[in-house]
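For reference, the structure discussed in these notes is given below.
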Amino acid sequence: NAGVMQNPRHLVRRRGQEARLRCSPMKGHSHVYWYRQLPEEGLKFMVYLQKENIIDESGMPKERFSAEFPKEGPSILRIQQVVRGDSAAYFCASSPEPPTSNQPQHFGDGTRLSIL
Amino acid sequence: DQQVKQNSPSLSVQEGRISILNCDYTNSMFDYFLWYKKYPAEGPTFLISISSIKDKNEDGRFTVFLNKSAKHLSLHIVPSQPGDSAVYFCAAHRSGAGSYQLTFGKGTKLSVIP
Numbered sequence: 001n002a003g004v005m006q007n008p009r010h011l012v013r014r015r016g017q018e019a020r021l022r023c024s025p026m027k028g029h030s031h032v033y034w035y036r037q038l039p040e041e042g043l044k045f046m047v048y049l050q051k052e053n054i055i056d057e058s059g060m061p062k063e064r065f066s067a068e069f070p071k072e073g074p075s076i077l078r079i080q081q082v083v084r085g086d087s088a089a090y091f092c093a094s095s096p097e098p099p100t101s102n103q104p105q106h107f108g109d110g111t112r113l114s115i116l
Numbered sequence: 117d118q119q120v121k122q123n124s125p126s127l128s129v130q131e132g133r134i135s136i137l138n139c140d141y142t143n144s145m146f147d148y149f150l151w152y153k154k155y156p157a158e159g160p161t162f163l164i165s166i167s168s169i170k171d172k173n174e175d176g177r178f179t180v181f182l183n184k185s186a187k188h189l190s191l192h193i194v195p196s197q198p199g200d201s202a203v204y205f206c207a208a209h210r211s212g213a214g215s216y217q218l219t220f221g222k223g224t225k226l227s228v229i230p
């Protein structure tokens with residue numbers, strides 16, 4: 001059962017380094033969403049991508065954060081010059097097409113990013 | 117501004133009894149609601165959803181009720197089982213916004229006591 005695959009599961013970085021989080025959507029899914037969860041909080045939307053296109057990045061911080069979903073390969077969430085406040089769990093979700101009530105977003109197990 | 121609110125951080129229920137998890141929303145443009153279940157160190161797993169044109173949707177032990185006038189939905193689990201112990205997130209979505217992002221509540225931790 002090839003669900004949404006995220007790697008690494010855990011990532012430790014020092015302040016100022018770069019973090020790269022990868023997400024392979026479910027087979028046949030071409031829509032990818034990234035969410036961030038801070039401790040004791042719900043998931044917060046960051047960005048929605050289709051292959052080679054960013055559709056909605058309204059939830060992504062304007063600086064240091066970027067995302068891509070190339071024609072080939074996984075979606076990448078990139079955080080440059082990480083700071084302590086970037087420590088969180090980052091979840092990726094996918095859907096086969098814009099989700100409807102019958103086709104919800106399916107989530108990966110997340111990447112837990114810790115900044116030293 | 118919390119558009120989706122789950123006001124109970126935790127809930128304890130005896131095995132076999134009914135669990136009722138509540139969720140309120142403020143954005144009247146939301147028209148599609150979902151419940152996700154999450155175990156520690158795992159991603160959220162989709163449970164059940166409901167469109168705003170309905171007031172009830174049932175799937176096995178899980179039933180979601182929607183009261184649009186009150187902007188309130190609830191998830192009923194009956195009978196509750198120890199394996200249901202997890203954090204439950206309510207999420208909402210607005211069609212036609214061009215994005216399909218989900219807005220989540222902060223979650224309710226359900227503990228089912230054997």
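Here the protein sequences come in this chain order: L and D. In terms of my numbering, the first sequence opens at residue 1 and continues consecutively. In terms of my numbering, the second sequence opens at residue 117 and continues consecutively. No residue lacks a Cβ here, since even glycine has one placed at the ideal position from N, Cα and C. Owing to the predicted nature of the structure, the values given are computational and were not obtained by experimental measurement.
1) Note down the Cα distance separating GLY85/L from GLY16/L, rounded to an integer number of angstroms.
2) Go ahead and label MET60/L buried or exposed: buried means 16 or more other beta carbons lie within 10 angstroms of its beta carbon, across all protein chains shown.
3) Below 7 Å CB to CB, which residues in the same chain sit around MET26/L once its five sequence neighbours on both sides are set aside?
4) State the DSSP-derived secondary structure class of GLU78/L, mapped to helix, strand or coil.
5) For chain D, is any of its Cβ atoms less than 9 Å away from the one on GLN80/L?
6) Could you tell me whether the region 66-74 of chain L touches the region 126-134 of chain D, where touching means 3 or more Cβ pairs closer than 8 Å?
7) Pull the bridge partners of ASN53/L from the DSSP assignment, please.
8) Report the residues of the region 204-223 of chain D with a CB closer than 9 Å to any CB of chain L, ordered along the chain.
9) Hey, is PHE91/L's beta-carbon within less than 9 Å of any beta-carbon in chain D?
10) Measuring straight from C-alpha to C-alpha, what distance separates HIS10/L and SER185/D?
11) Does DSSP classify ASP140/D as helix, strand or coil?
12) Measuring alpha carbon to alpha carbon, tell me which residue in GLU52/L, ARG36/L, ILE54/L and PRO98/L is nearest GLY108/L.
13) Kindly indicate if chain D contains any beta-carbon less than 9 Å away from that of GLY28/L.
In brief:
1) Their Cα atoms are separated by approximately 12 Å.
2) Under a 10 Å Cβ-count criterion, MET60/L is classified as buried, with 16 or more other Cβ atoms of the shown protein chains found around its own Cβ.
3) Cβ neighbours of MET26/L beyond the five flanking positions: ALA2, GLY3, VAL4, SER94 and HIS106.
4) Inspection of the sequence shows that residue 78/L is occupied by Arg rather than by Glu. ARG78/L: strand per DSSP, three-state reduction.
5) No, no contact with chain D.
6) Contact check between the region 66-74 of chain L and the region 126-134 of chain D: fewer than three CB pairs, one atom from each, fall below 8 Å, which does not count as touching.
7) Answer by DSSP bridge pairing, in chain order: GLN50/L.
8) For the region 204-223 of chain D, which is checked against every Cβ of chain L, the residues closer than 9 Å are PHE205, CYS206, ALA207, HIS209, SER211, ALA213, GLY214, SER215, TYR216, GLN217, LEU218, THR219, PHE220, GLY221, LYS222 and GLY223.
9) Yes, PHE91/L counts as interfacial toward chain D.
10) In this model, HIS10/L and SER185/D are separated by some 43 Å (Cα to Cα).
11) Correct three-state label for ASP140/D: strand.
12) When GLU52/L, ARG36/L, ILE54/L and PRO98/L are compared, the shortest CA-CA separation from GLY108/L is found for ARG36/L.
13) With 9 Å as the cut-off, GLY28/L does not count as an interface residue toward chain D.
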